[in-house]
Amino acid sequence: MKEIPQISEAEYEVMKVIWNFEPISTPEVVEKLSSKSDWKPNTIHTMLARLVKKKALHVRKDGRVFTYTSLVEKHEYVEQKSKSFLQQFFGGTLNSMILNFIENDKLSNEDISELKKILSMRDKKGEK
């Protein structure tokens, strides 16, 4: 797996816009983020620049407009963050996390049924 840059929570919000609309220009990013946050355009510009510096984004200049595309795929980032979370809080094992949720009554009967269904489907895939 390739090296994934460290991305802050705020930068992750920017990345979500990029992933959903790439290639996307600076004004479009500002418009989309301004509609759902109270960030000023300069704040968004700073985060875009940081993400380019971290090699999470590629920027191309088209005349006077900067256009961004991601260098990190969403599924790669989510996978890395998931593994990091499991390692940090549950010793890297999914079993420990699920057991924690079950023991603390965080999973409803519906959640447990859904997990059983997913595991059953996975078992059937493995048999083929």
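Using this note's numbering, you'd call the opening residue of the sequence shown number 1 and step up by one each time.
From the three backbone atoms N, C-alpha and C, an ideal C-beta is built for every residue, glycine too.
All of these numbers come straight from a predicted model, not from anything done at the bench.
Identity of the residue in Thr67, Glu73, Glu3 nearest Tyr12 by Cα: Glu73
Extent of the continuous alpha helix (DSSP H) to which Arg64 belongs: Run containing Arg64: none; DSSP gives neither H nor E here.
Residues bridged to His75 [DSSP beta-bridge criterion]: DSSP lists no partner for His75.
Secondary structure of Leu107, DSSP reduced to three states: DSSP places Leu107 in coil when its eight states are reduced to three.
Euclidean distance between Cα positions of Met97 and Phe66: 42 angstroms
C-beta atoms of Glu9 and Tyr68 nearer than 8 angstroms: No, the Cβ-Cβ distance between Glu9 and Tyr68 is not below 8 angstroms.
Simplified DSSP state of Ser25, which is helix, strand or coil: strand
Span separating the alpha-carbon of Ser35 from that of Lys53: Roughly 25 angstroms between the two C-alpha positions.
Run of the alpha helix (DSSP H) containing Pro41, from where it starts to where it stops: 41-53
Coil, strand or helix - Ser34 by DSSP: Three-state result, Ser34: helix.
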